[in-house]
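Student: I'd like to ask you about the structure that follows.
There are 2 protein chains.
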Amino acid sequence: MGFDRILGGVCAPMGFLASGVACGIKEDGRPDLALLYSEAPAAAAGVFTTNEMKAAPVFLSTKVVAGGQARAVVINSGCANALTGKQGMDDAAGMAQAAEKALGIPAGQVLVASTGHIGELLPMDRVRSGIDQAAAELSPGGNTDAAKAIMTTDTYPKELAAEMEIGGKVVRIGGMVKGSGMIHPSMATMLAVITTDIELPHETMQDWLSTAVEWSFNRVSVDGDQSTNDTVLMLSNGAAFPDGHVLTREEADLFYRVLCWLTGNLAMSLVKDGEGANKLLRIVVNGARDDMEAVRVARAIANSNLVKCSFYGERLNVGRIAAAAGSAGVPLDQSKLSVFLGEHKVADGGMVLENDPEDVQRMMRRDEVELTVNLGLGNGSAYFLTCDLSTEYVEFNAREKS
Amino acid sequence: MGFDRILGGVCAPMGFLASGVACGIKEDGRPDLALLYSEAPAAAAGVFTTNEMKAAPVFLSTKVVAGGQARAVVINSGCANALTGKQGMDDAAGMAQAAEKALGIPAGQVLVASTGHIGELLPMDRVRSGIDQAAAELSPGGNTDAAKAIMTTDTYPKELAAEMEIGGKVVRIGGMVKGSGMIHPSMATMLAVITTDIELPHETMQDWLSTAVEWSFNRVSVDGDQSTNDTVLMLSNGAAFPDGHVLTREEADLFYRVLCWLTGNLAMSLVKDGEGANKLLRIVVNGARDDMEAVRVARAIANSNLVKCSFYGERLNVGRIAAAAGSAGVPLDQSKLSVFLGEHKVADGGMVLENDPEDVQRMMRRDEVELTVNLGLGNGSAYFLTCDLSTEYVEFNAREKS
Chain A
1193 MGFDRILGGV CAPMGFLASG VACGIKEDGR PDLALLYSEA PAAAAGVFTT
1243 NEMKAAPVFL STKVVAGGQA RAVVINSGCA NALTGKQGMD DAAGMAQAAE
1293 KALGIPAGQV LVASTGHIGE LLPMDRVRSG IDQAAAELSP GGNTDAAKAI
1343 MTTDTYPKEL AAEMEIGGKV VRIGGMVKGS GMIHPSMATM LAVITTDIEL
1393 PHETMQDWLS TAVEWSFNRV SVDGDQSTND TVLMLSNGAA FPDGHVLTRE
1443 EADLFYRVLC WLTGNLAMSL VKDGEGANKL LRIVVNGARD DMEAVRVARA
1493 IANSNLVKCS FYGERLNVGR IAAAAGSAGV PLDQSKLSVF LGEHKVADGG
1543 MVLENDPEDV QRMMRRDEVE LTVNLGLGNG SAYFLTCDLS TEYVEFNARE
1593 KS
Chain B
1193 MGFDRILGGV CAPMGFLASG VACGIKEDGR PDLALLYSEA PAAAAGVFTT
1243 NEMKAAPVFL STKVVAGGQA RAVVINSGCA NALTGKQGMD DAAGMAQAAE
1293 KALGIPAGQV LVASTGHIGE LLPMDRVRSG IDQAAAELSP GGNTDAAKAI
1343 MTTDTYPKEL AAEMEIGGKV VRIGGMVKGS GMIHPSMATM LAVITTDIEL
1393 PHETMQDWLS TAVEWSFNRV SVDGDQSTND TVLMLSNGAA FPDGHVLTRE
1443 EADLFYRVLC WLTGNLAMSL VKDGEGANKL LRIVVNGARD DMEAVRVARA
1493 IANSNLVKCS FYGERLNVGR IAAAAGSAGV PLDQSKLSVF LGEHKVADGG
1543 MVLENDPEDV QRMMRRDEVE LTVNLGLGNG SAYFLTCDLS TEYVEFNARE
1593 KS
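Line order of the protein sequences matches chains A and B.
Going by my numbering, the first sequence opens with residue 1193, and the numbers climb by one from there.
Going by my numbering, the second sequence opens with residue 1193, and the numbers climb by one from there.
As structure tokens, this is what we get:
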């Protein structure tokens, strides 16, 4: 059983309408309000930032997801509604209420997300007009407008969709994400919305989404800083099965596999936005005692400024890589450590190997570099995507307001 | 009871001789081998890197410290003897043996440390000649030569000493450190040696040194990366009390206080080396449930690239500071959070405050900036020293070999 990539983003599954408008939250007039609407009641799931300084909309959406159902998602860009105290909570609730009213749906069924500057209040008059306008413009072809309206420093809208056969019918999954990893991470709050027209119970969907996020969006690191607003939402409306359908084990496996393909590719697109200016680093850790130890070692390497500077300078520095691995808090055995740059072994038995400098240079000059660390301790493995640390990163984030 | 700052570094206490020579480990001919010798048997203590990729000399010195006694310390710069496998272990042992032979002392009494390039073998012939030469040149005035010989990218030697009255006699403590924090952290393995001529049992000294290091060297972060070679050693030879002396409670308090003054100031000098190019950030966290939670929050802020970039750009960004605090894994209450830049309150009750932009600019332009975060949860507090993240940091570490 396979699947095919299709167009349509969050509107690819049946019964989802979307729109994106400019309502004046962003000073430059770019689109800044997106609306997604499910014609039928939908089950909802969500994964949210673990940062203790969660933005107001994160609190609101966490509560809606706990209820298990949602009909709409409203997202603004240009203002994060974070560190905004009680007024911020009221404003997040005001966004939901405005959407409920504009869409004529019962209370408590609207998910809210925000991204942009921290510490500023939302211009609620504009937001309310924007929601009215977005509701009026909802369409089955509005997916790209929505994907554009959630962008901050992203250089292009990011969406993806697939179809597969389940229960004798063609069913669909779609998604959009915002976040620009390579040089603009300061506003790279990661927001993603995933839709599907199969029917999934809330608990199952929450379980699958949490795991898929852990092995995709949570494997992407630009600078180790975690946003106040990071949010991944998922809605399933069952529109493909008007009479209902319980997934077989085989169908569930297929759908979960496609969900992971979708989240994995959306996560990759986060790191790749900005490509050309920077280098994509894929850090693979094998031979760990278990997968979670592999994750910790991979994350430590991906977050090491010294490792990332050396890739910017295109100079291989095995010592920095090994030292970063050694700082992960995972017990290691130096004598079993090997390191590969692409297919070139550059360290073995805990010792740095001599390599043809030209071969190494050729690998380091690539736009995408794969670094594999084998710990020699077991069968655990994990990967992390990151990028190099460049003077452009520092300059951008030294100037930038958010 | 007070204390006075004096000259003399590690040779300020009686009975310690030192020297520093150039033996050709560094390619540019600068001094690269330091020797410290105690005329009488001395108790030894040490604190070592927790990195799992510990360099060979770290293994050797850990073993010597466990024995509780040492007579000499030999340190080379220019080569870290890290990721060097079995040969590296043999070479570290070879350094100790060469010093034992040159000094005519029993086996197992020499502490060894190395700093410099990772993944390269020591040129042992040169190291052995260097040790012989350093032994021949030992003198009570050799402290600055030793402090110079342990430098890598440091721009000046760093030493400090003090005297105080204990048991009716003047006693001394001295120290030296290497490590250049601001823009050259890649070779900023931190090595420190502390000497005293009072008599301290091994266990007491180990306990005091561990605590003093925790609240000084472990409160300094340049980039969060931990070296394979970080080492702090301490020797007490009792030369001030030929007939022995057990410290009273009051004397012990005084000595511990001076030890903390010494380690605190040596740690500060690490971050300050390179000053002018960069900004010193002192991150203070108050109002935590306990001191260790305060440390975790302060470390998260000090290690945030986004926070550090904003100080490089001299633009206050309270959102980044709060988001970094929120990512420390410590439960917080946003509504109790306040943030101060110097004495200016810039956030209160979890909300960003409006401030006179000129006041803020004036504070941000200073060479040393103090940022205080009050969590409003209890009486725990901690500080962290760090510096901004500059394009110079990236450029240096992109070029640099180690």
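Where a beta carbon is used, it is the ideal one built from N, C-alpha and C, also for glycine.
No experiment lies behind these values; they were computed from the predicted model shown.
Does the separation of the CB atoms of VAL1213 of chain B and GLN1325 of chain B fall below 8 Å?
Tutor: Contact: yes.
Student: Check the DSSP bridge columns for ASP1540 of chain A and list the partner residues they point to.
Tutor: DSSP output for ASP1540 of chain A lists A:MET1543 as bridge partner(s).
Student: Could you check how far apart the C-beta atoms of VAL1538 of chain A and VAL1510 of chain A are, in whole angstroms? I think they sit under 8 Å.
Tutor: Contact holds; Cβ gap of about 5 Å.
Student: Are the beta-carbon atoms of PHE1424 of chain A and LEU1401 of chain A separated by less than 8 Å?
Tutor: Sequence check: residue 1424 of chain A is Val here, not Phe. A contact, by the Cβ cut-off of 8 Å.
Student: On the three-state DSSP scale, how would you describe HIS1394 of chain B?
Tutor: Here HIS1394 of chain B sits in helix by DSSP.
Student: With a cut-off of 8 Å on the beta carbons, I'd call ALA1339 of chain A and VAL1302 of chain A a contact; round off their distance for me.
Tutor: The Cβ separation is near 19 Å, so there is no contact.
Student: Looking at the structure shown, is LYS1161 of chain B part of a helix, part of a strand, or coil, going by DSSP?
Tutor: Nothing can be reported for residue 1161 of chain B: it is not among the residues displayed for chain B, which extend from 1193 to 1594.
Student: Could you tell me the distance, in whole angstroms, from the CA atom of PRO1408 of chain A to the CA atom of ILE1386 of chain A?
Tutor: Residue identity check: residue 1408 of chain A is Ser in the sequence provided, not Pro. Approximately 14 Å between the Cα atoms of the pair.
Student: SER1230 of chain B: which of B:LEU1581, B:ASN1335 and B:ALA1285 sits nearest, CA to CA?
Tutor: For the residues B:LEU1581, B:ASN1335 and B:ALA1285, the minimum Cα distance to SER1230 of chain B belongs to B:ASN1335.
Student: Using a threshold of 8 Å, state whether the C-beta atoms of VAL1544 of chain A and ALA1516 of chain A are closer than that.
Tutor: Their beta carbons are not under 8 Å apart, which means VAL1544 of chain A does not touch ALA1516 of chain A by this criterion.
Student: VAL1250 of chain B and THR1241 of chain B - do their beta-carbons sit closer together than 8 Å?
Tutor: Yes.
Student: For the stretch 1450 to 1465 of chain B against the stretch 1342 to 1362 of chain B, do three or more pairs of beta-carbon atoms, one drawn from each stretch, fall closer than 8 Å, so that the two count as touching?
Tutor: Yes, they touch.
Student: Per DSSP, which one or two residues make a beta bridge with VAL1424 of chain B?
Tutor: Partner(s): B:VAL1239 and B:ALA1384.
Student: Say whether chain B places a C-beta atom closer than 8 Å to the C-beta of HIS1376 of chain A.
Tutor: Only weak support is given to the placement of HIS1376 of chain A: the predicted model assigns it a pLDDT of 48, under 50, and the question is left unresolved by the model.
Student: Considering only DSSP beta bridges, list what ASN1478 of chain A is partnered with.
Tutor: Note: ASN1478 of chain A sits in a beta bridge opposite A:ASN1566.
Student: On a Cα-Cα basis, can you pick out the residue from A:PHE1503, A:VAL1477, A:ARG1557 and A:VAL1552 that is closest to VAL1522 of chain A?
Tutor: If we check each option's Cα against that of VAL1522 of chain A, A:VAL1477 comes out closest.
Student: The beta strand (DSSP E) that contains THR1578 of chain A, what's its start and end?
Tutor: From DSSP, the beta strand (DSSP E) with THR1578 of chain A extends over 1572 to 1579.
Student: Taking the beta strand (DSSP E) that LYS1370 of chain A falls in, what are its first and last residues?
Tutor: Start and end: 1361 to 1370.
Student: Cα separation between ARG1557 of chain A and ASP1525 of chain A?
Tutor: Cα to Cα, the separation comes out at about 31 Å.
Student: Below 8 Å between beta carbons: does that hold for ALA1305 of chain B and ASN1410 of chain B?
Tutor: Their beta carbons are not under 8 Å apart, which means ALA1305 of chain B does not touch ASN1410 of chain B by this criterion.
Student: Just mark PRO1223 of chain A as buried or exposed, buried being the case when its beta carbon has 16 or more other beta carbons within 10 Å.
Tutor: It is buried - the Cβ of PRO1223 of chain A has at least 16 other Cβ atoms within 10 Å.
Student: My guess is that ALA1327 of chain A and LEU1295 of chain A are in contact by the Cβ rule of under 8 Å, so how many angstroms apart are they, rounded?
Tutor: Contact holds; Cβ gap of about 6 Å.
Student: Using the rule of at least 16 other Cβ atoms within 10 Å of the residue's Cβ for burial, across every protein chain shown, is MET1397 of chain A buried or exposed?
Tutor: The residue in question, MET1397 of chain A, is buried, as its Cβ has 16 or more Cβ neighbours within 10 Å.
Student: Closer than 8 Å is the cut-off here; do at least three beta carbon pairs connect the stretch 1483 to 1498 of chain B with the stretch 1572 to 1589 of chain B?
Tutor: Verdict: yes, contact present.
Student: Taking all protein chains shown into account, decide if THR1440 of chain A is buried (16 or more other Cβ within 10 angstroms of its Cβ) or exposed.
Tutor: Exposed: under 16 other Cβ atoms inside 10 Å.
Student: Going by C-alpha distance, which of B:ILE1323, B:HIS1394, B:GLY1270 and B:MET1343 is nearest PRO1233 of chain B?
Tutor: Comparing Cα positions, the closest option is B:HIS1394.
Student: Measuring alpha carbon to alpha carbon, tell me which residue in A:ALA1290, A:GLY1534 and A:MET1555 is nearest GLY1505 of chain A.
Tutor: The candidate whose alpha carbon is nearest that of GLY1505 of chain A is A:MET1555.
Student: Just how far apart, CA to CA, sit LEU1581 of chain B and SER1461 of chain A?
Tutor: One C-alpha to the other measures close to 27 Å.
Student: By alpha-carbon positions, which one of A:ALA1291, A:GLU1357 and A:PHE1195 ends up nearest to ALA1210 of chain A?
Tutor: Of A:ALA1291, A:GLU1357 and A:PHE1195, the residue nearest in Cα terms is A:ALA1291.
Student: Can you name the residues that DSSP bridges to HIS1437 of chain B?
Tutor: None, per the DSSP bridge assignment.
Student: Under DSSP, the beta strand (DSSP E) around MET1356 of chain A begins and ends at which residues?
Tutor: Residues 1350 to 1358.
Student: So, for ASP1551 of chain A: in the same chain, excluding its five sequence neighbours on each side, which residues have a beta-carbon less than 8 Å away from its beta-carbon?
Tutor: Closer than 8 Å at the Cβ level, and outside the excluded window around ASP1551 of chain A, lie HIS1536.
Student: Classify ARG1591 of chain A: buried if its beta carbon has 16 or more other beta carbons within 10 angstroms, exposed otherwise.
Tutor: ARG1591 of chain A should be labelled exposed.
Student: Using CA coordinates, which residue listed in B:GLY1300, B:ILE1297, B:PRO1315 and B:ASP1482 is at the minimum distance from ASN1273 of chain B?
Tutor: Here the closest residue by C-alpha is B:PRO1315.
Student: With a threshold of 8 Å between beta carbons, is ARG1591 of chain A in contact with chain B?
Tutor: Yes, ARG1591 of chain A lies at the interface with chain B (some Cβ there is under 8 Å from its Cβ).
Student: Alpha carbon to alpha carbon, how far is HIS1309 of chain B from ILE1375 of chain A? Give it in angstroms, no decimals.
Tutor: Confidence in ILE1375 of chain A is poor, its pLDDT being 45 and thus under 50, which makes the residue's placement too unreliable to answer from.
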